[in-house]
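Presented below is the structure to which this report refers.
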Amino acid sequence: MKNFRPKVPGFLIGIKIVIVNMLKTLSPFHSKPNVNYPFEKEKLAPRARGVIALDQEACTSCMLCARQCPDWCIYIEGHKELQPPSKPGGRQRSRAVLDRFDIDYALCMYCGICVEVCPFDALFWSPEYEYSEFNMGDMLHDKERLDDWLQTVPDPEGLES
Amino acid sequence: MTEVLIKVGLLAGAALTGAITFTIMDVKGASWMQRRPGPLHVGLRGFIFPVAEILKFIQKEDIIPTEVDRPVFKWAPAYVMVSCVALFAVVPLSPTLVVADLELGVFFALAISSLGTIGVLTAGWSSANKYSLMGGLRAAGQLIAYELPLILAVVGVVIQAETMSLVGIVEKQIEWGVPFVVGGQIVGFLIFMVAATAEMMRVPFDMPIGESELTMGFMTEYSGIRFLIFYISEYMNMFILCAIASTLFLGGYHVPLLPTEWVNFYGPIVLLTKTAILGFILVAIRWSQPRFREDQLQNLAWKILIPASLVNILVTAIMKVGF
Amino acid sequence: MEDFFNNIKESFTNAVLEFETINIKVDSTQWIETHEQLRDEFNLKFFSWLSAVDWDNDVSVGEAPKESVTPCFELITCLSDVENTNLITVSTTIDKSEPQIDSLVGTYEGANWHEREAYEMFGISFANHPNLEKLYLPDGYEGNPMLKSFELISREVKPWPGDVDVEGMPEDSESGEQVDG
Amino acid sequence: MIVQPVLVVAAALFSLGIYGILVRRNAVMVLLSIELILNSVNINFIMFDTMLADAMMQGQIFTIFIITIAAAEVGIGLAIVLMLFRNRQTANINEFDLMKW
Amino acid sequence: MEIFEIVTYFVLLLLITTAVRVVTTSNVIHAAISLVFTLALTSVLFLLLSTEFVALVLVLVYIGAVIVLFLFGIMITRAPLGKNAELDNDKNKKLGAAIAGSIFFLFSYILVNGFDGEVVITSGSSTELLGEILLSRFVFPFELVSFILLAALIGGITLARKDEALIDEDQV
Amino acid sequence: MGVIDKFGLPKPISSVFNWARSYSLWYFQFGLACCAIEVMAVSGPRHDFMRLGVIPLPASPRQADFMIVAGTVTDKMAPSVKRLYDQMPEPKYVISMGSCSNSGGPYWDSYSVTKGVDQLIPVDVYVPGCPPRPEALQEGIILLQKKIRGEDMKEKWSEVQTEPI
Amino acid sequence: MVNALDPQNIKNFSEASVSVEIETEDMTLNIGPQHPSTHGVLRLVAKVDGEKVHDVKPVLGYMHRGYEKLAEVRTYPQITTLVNRIDWVAGFSNEIPFIAGAERLMEIEVPDRAKYIRLILTEMARISSHFVFNGAYALEVGALTPIFYAMEDRERVLDLIESVTGGRFHPNFNRIGGVKPAAGAGPTTKKNIQDLPAGFYRDTKIAMQKVIEAADQFQNLIGGNEVFKKRTKDVGVLTPEIAEAFGVSGPILRASGVKSDLRTQTDYLPYDQFEYEIPVGENGDCYDRWDVRVKEMVESAKIVLQAIDSMPSGPLQAKVPKVIKVPKGRTYVRAENPKGEMGYYIISDGGLGPYRLKVRTASFSNISILPNLLEGALLPDLIAIMGSLDFVLGDVDR
Amino acid sequence: MISYFQDYVTIGAVLGFGLFLVVLLLGVASVLRPNKPYAEKLQTYECGVDPVGTGWSQTYVRYYIFGLLFVIFDVEAVFIFPWAINLEKLGYFGLIEMFVFIFILLIGLIYAIRKDVLKWES
Ligand code: SF4
Ligand code: SF4
Ligand code: SF4
């Protein structure tokens, strides 16, 4: 009878677990998992794929992203313009100007292919997510709106070696 | 007559507050047990959410499907609600603060509480829905199976108290100095609580509603206000059964050592505290247990609880007569 | 794998091992017998899947095969052995005009749903199947979606946004075998 | 408490029960009508008990026994109906040709 | 007591109405529910007659148990939802009404002529006394009841059970 | 009875009712695809949409107030979605969650996927994402609550919906 | 005396007399497509008599999205992102066999570090999938709380996956020849981040410790519960023979006592470097299926911990052409997914996308035994059995 | 009014209150709620598909047996209560009586259990 331990019925252990968890939730000394959303926000990983931001300046309307997109949800229109030479006496350069750059977020599958294939670093992921809409049409972000997202793109984080 | 009205008014307040308090306790308690804050934004740190619920349900459309048996379908919730409310009449908050101290108090309570079965069964049947029908049958089968242990568990108390009046029972416990649960009715108390949980159709005895099996059981077709009536009655039932259990077994409005002269003052508080504690235990059980299977449930009732309560009666009787 | 392949090779001379997958090509008349033999002699009791391929030079979406093929259905099953790592695929070809073959349900019960799927997607009918019905698509759906001739309407009606060319692209960035990485 | 109206009502219940037994075709309904009859008997017993102020409470005790027996009767009665239903797929008494059965 | 009488008449009236519904409604479940009301009102009548224990027994046993049994029975015998034209035996209707009517008049005549008077209720009848009498003077019927119940239980189970139970019974 | 449809309610009272409706949103347990897992995550401890008054109790449409179309609506499922929506009692709301239910999403060219649930039922709030982050869904819910609080009961009630879209 | 309970006698008797058990016009009960316990939109048409289930017919297709057709019109990188969504509770592990197949056809050797990262994330996906199972299964047998604990701990794992891949459960992280985190972060730098984020090792260790604790909590909260045991023990027993004939794989097969685990049997990832056990059940009942998964969670956590400790350094990408064209050939690659064997049969024609891609999913085969398991069960058992198969509709219907 | 009636009048009032509560809720709701029925809305719910067969068909005989058992034991309880409050007076005689009574009914329960009517899988 040395190591006699009465066997506690399993259902009592269950009750104990829930009550302990309740006390943990109520106690101010325990960390809580909750995030009270509209008032406090979770810090998202910088890599999180929330929304795509467009750097209008960098985009050359090369169409690569629109072609690789599996959902065909990037719409680009542009035309070419002659630019004055950057330094006097230099060659006149032609430059593509974006007329339209729309991403249809109602269709986008957030795969990141467009960001990845862009050869000019014009597209970025930003961990923003607050763009729910009442109307379907508003889900199509035009280039101004996409450009606004650029402000929210986080700085790169450190890496593990 | 005015006295009657005052009492009924008080009771109305008690019934609704009790039900609402238990709703809050259940939802908030569950949230905390699940490491969540629970309703929060509705106001007052979320504690007034039942108000929003009730106001919301009042504005909901009340759908009466074409297939149903209209009169039966419409009035089934009323049976459940009325049988719950009537139970409130006999519970004494203190020796004087009792709506009706019937000589047959316990017996009345048991008789009335069996009325709800009809409401549930007809609700399930008249909905013309398979889930409802199965839920209704399960509910009825369960309610009747656990009605018996409930009745038989009370008999032990009646034997000890030699009366069926609830005030009389509490007085007897005061006379004894200890509640009956200590004075030999521990088995009876456990049986009563198990049976009461089953009567409330709460986990682990919630097959009639069995969300993951029968969607909402016998309430599947009910919407809007009629659903609310079922919903409130569930909590009222929980409140009142806990109150009856604390009266019968835990000494009611009195705790040992407190002076009996003051019982009219502290009585209600004591009773409500006991009720709340029992309610909290039920909440903890609800959120930690899986549910039984229908046959296991019936086996528990017929093979364990009923024989056990019969034995309990006989033992109590022998003690009573023999000593 | 190698040992097993050699074993198989003894019974099925035309077995090939490419890309770590053993394939046996059998005649469609041998379909059931082959499977029974594999199950009983080689202990391949685990029925992994059954499917079909529509070989056709005419495709309405996607890429056409590079080299011309004879139009036919190729039926493939995959069997394996749970305890060891042996895995084998068995394939047969059936004619497109009259796509019919014996059902495997008697040999491997698990083939039931797979055959229904093939029936629905390709229109191949399986003789002696207990319950050859549609599996996935709603009642009243016409056509066999997996046929190469089946059109994807959305792709037809929606213009490809990549089609609009911005005139005068600054660079030709799609330059062959550029290495990434 | 006036005695006569109660007794008349009891008589009315009784005859309604008889009517039900004669007219209803569904076996369960016949049982329901029997309950009405028993109920009218109960009313009579209790009425007389109160009226006579019997010290032995025979009226009440009889009523309790009647209720008890009625419960047993319903149990058996319904079981028979179920058994007939099982064989005939109907609860309609006209179709219970007992001689043949 | 004026109000008391009004209440009594009211209860009696309702009692008759619901009882009539029991035998006339064309829906089985409605009939059962009407019977619930008939019984509930009977129980109220018993309360008015001061026999509270019997009144509560009526509620507990009849409404709480027997009606539930009825509902089960009705559901098992496939009561159709809604009206059921098949429910009544039309050709018996007139005959039945005649017989029932004559019984009613006969009984009422006898009862009304035979009994008269007024009862004044002064207090509820004592349950304690009832119990004492039941268990002393009526001991024999009391024990007999248990046998009847046992018989009913076994009989009911045997009848409602499927056949293995039946053969079992036959051969034991 | 149609009292509200005709006469409406005075502003203060109706705003109380609007408040009640916005904080007692019973969510119809109805998941379709991957997004449904995110709905589960939102009900989990970290995000807990019960804070917002969303109660994930009813499994039957009869008690539900709003429905989150969370995931791919296939052509086979579409009639069911429509029917379940129909069976919900007024006033009811719909949140379309994720690209799939917004417009077909990754399966926009598939032969068996409905391109957008708004072809079947009226949608109140569209939540973008594939899957939308739990927070994004919460934002959708908050938008819905705002919308409900700004509603006029008379208008909402008399939106005749005998034949939704 | 004749034995009355002899079935023969009963039969004779019932033939002799007309009476049989009440002729049951079986009730046809639709469970699904919208039903809280069908994990989405499976529909079961059950013939029930009272509570007893006589016959079950699963109706699939409510989540059929035509993967195999879509794969024919997409390129390899586009398919990678699409296949995430097959088994959506373990998105990452869907990519592995597909990528492995393409790599095999292209004969590319993946760098070690990439393999390790793949392995870690696969195991994390397995853990998160089992968390969902645990919670959902408890919910199905009526315990309402465990799912919240599961969700809490699962969030932690998902955070880790997200911090590496950028997606919570649709990572699109594998590339042919290695792995590649979501590009992004900072307009100021060249954007292709190529490695694990700082602090990943530390966080992973904490999270895995939590997983082990959580598994322990589940064992106490659910596994030890008498009611749960009553509900699941000896319910829905599956024998290995039936399982094999139907192609049932994964934890369900292991619960039936077959020690079959593709992680050790094939070499799609370097599992042979680690020490772990393969939990195997005895009876093949619902309880074993539950138990095996809980234990597997712990083993996965152990594998991750070991992998973190022995993580090699080096590049994450092998050299691959910019435009991916897979040479002609065909291969079948399978992997051990949380639900069982998942495989892709790729027939390549040398183009940008496969000529034909057959997706073999575990759940499809796993639930095809449902009618077998359910014969004669009670209705609550139906739910318990269905839940214990842990299927995901996307994995069934594709 | 004698106290006996007083009590029951109160109980009646309480029952009336319960009914009043129900009617009140229903009444208020009927004024406030929208009411827009149409055919699909009023269709029986069946997990989102067309209802198959009739919803109220056959049920288990088993429930009937439970009902029967319940009725019998309920009746027993009716006899136990008057006994219980009189136990002191009745003494050993009452005890034995009740023993016999309960014993006989227990036989019934044991019979039911032995006959496996409580078992579900057959
Ligand atoms: S993330 Fe994918 S789907 Fe969305 S726009 Fe970019 S490529 Fe298209
Ligand atoms: S790939 Fe980059 S540069 Fe080219 S169009 Fe897209 S965003 Fe602009
Ligand atoms: S939107 Fe994306 S995550 Fe949501 S269901 Fe569709 S594919 Fe899944």
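Chains as they are written, first to last, in the working numbering: chain D, 1 to 161; chain L, 1001 to 1323; chain C, 2001 to 2181; chain S, 3001 to 3101; chain E, 4001 to 4172; chain B, 5001 to 5165; chain F, 6001 to 6398; chain V, 7001 to 7122. All C-beta atoms in this analysis are idealised placements derived from N, C-alpha and C, irrespective of residue type, glycine included. In this text, all values refer to a predicted model and were calculated from it rather than measured experimentally.
Residue-chain proximity (residue i, chain F), Cβ-Cβ < 7 Å
| i | result |
| --- | --- |
| D/C59 | no |
| C/P2159 | no |
| D/P119 | no |
Assumed close pair residue i, residue j - CB separation to whole angstroms, cut-off 8 Å
| i | j | result |
| --- | --- | --- |
| F/F6173 | F/K6180 | 7 Å |
| L/V1178 | L/P1256 | 6 Å |
| F/V6320 | F/Y6268 | About 18 Å separates the two Cβ atoms, so there is no contact after all. |
Proximity test, Cβ basis, 7 Å: residue i and chain B
| i | result |
| --- | --- |
| F/W6290 | no |
| V/Y7064 | no |
| L/I1006 | no |
Proximity test, Cβ basis, 7 Å: residue i and chain L
| i | result |
| --- | --- |
| E/V4023 | no |
| F/P6380 | yes |
| E/G4155 | no |
Interface flag, residue i vs chain V, CB-CB below 7 Å
| i | result |
| --- | --- |
| L/F1107 | yes |
| B/V5003 | yes |
| S/M3083 | no |
Per-residue contacts from residue i into chain C (C-beta, under 9 Å)
| i | result |
| --- | --- |
| D/A53 | Here the premise fails: no neighbours, minimum Cβ distance about 19 Å. |
Beta bridge counterpart(s) of residue i as assigned by DSSP
| i | result |
| --- | --- |
| C/L2072 | As written in the sequence, residue 2072 of chain C is Cys, which differs from the Leu given in the question. For C/C2072, which the question treats as bridged, DSSP gives the partners C/W2055. |
| B/A5070 | B/G5031, B/M5097 |
| F/L6357 | F/I6346 |
Within-7 Å CB hit, residue i to chain D
| i | result |
| --- | --- |
| F/P5975 | As displayed, chain F neither begins before 6001 nor continues past 6398, which places residue 5975 of chain F out of reach and without an answer. |
| F/G6186 | Legend: pLDDT at F/G6186 = 47, less than 50; position of this residue unreliable, value from coordinates given subsequently. Yes, F/G6186 counts as interfacial toward chain D. |
| C/G2140 | no |
Residue-chain proximity (residue i, chain S), Cβ-Cβ < 7 Å
| i | result |
| --- | --- |
| E/G4131 | no |
| V/L7068 | yes |
Cutoff 7 Å: residue i Cβ touching any chain A Cβ
| i | result |
| --- | --- |
| D/L146 | Given the protein chain composition of this structure (D, L, C, S, E, B, F and V), no chain A is represented. |
Contact test: residue i Cβ vs ligand 2 heavy atom, cutoff 6 Å
| i | result |
| --- | --- |
| F/T6075 | no |
Neighbouring residues, chain F, relative to residue i (Cβ below 9 Å)
| i | result |
| --- | --- |
| C/K2009 | Those within 9 Å of C/K2009 in chain F number zero; the least Cβ separation is about 18 Å. |
Contacts that residue i makes with chain L (C-beta to C-beta distance below 7 Å)
| i | result |
| --- | --- |
| B/P5128 | What B/P5128 touches in chain L: nothing, since even the nearest Cβ is about 23 Å away. |
8 Å Cβ cut-off: residues of chain V touching residue i
| i | result |
| --- | --- |
| F/R6043 | C7047, V7049 |
Chain-ordered neighbours of residue i on chain D, where CB pairs are closer than 9 Å
| i | result |
| --- | --- |
| F/L6082 | P70, M109, C111 |
| B/L5143 | S132, E133, F134 |
Ligand 3 heavy atom lying under 6 Å from the CB of residue i
| i | result |
| --- | --- |
| B/T5072 | yes |
| F/A6198 | no |
Interface partners of residue i on chain B, CB under 9 Å
| i | result |
| --- | --- |
| F/G6284 | Within 9 Å Cβ-Cβ: nothing; F/G6284 doesn't reach chain B, min ~28 Å. |
Ligand 1 heavy atom lying under 6 Å from the CB of residue i
| i | result |
| --- | --- |
| D/Y110 | yes |
Contact list for residue i against chain F, beta-carbon separation under 7 Å
| i | result |
| --- | --- |
| B/P5045 | F6148, M6151, E6152 |
Within chain S, the residues that residue i reaches when beta carbons sit closer than 8 Å
| i | result |
| --- | --- |
| E/T4042 | N3039, N3042, I3043 |
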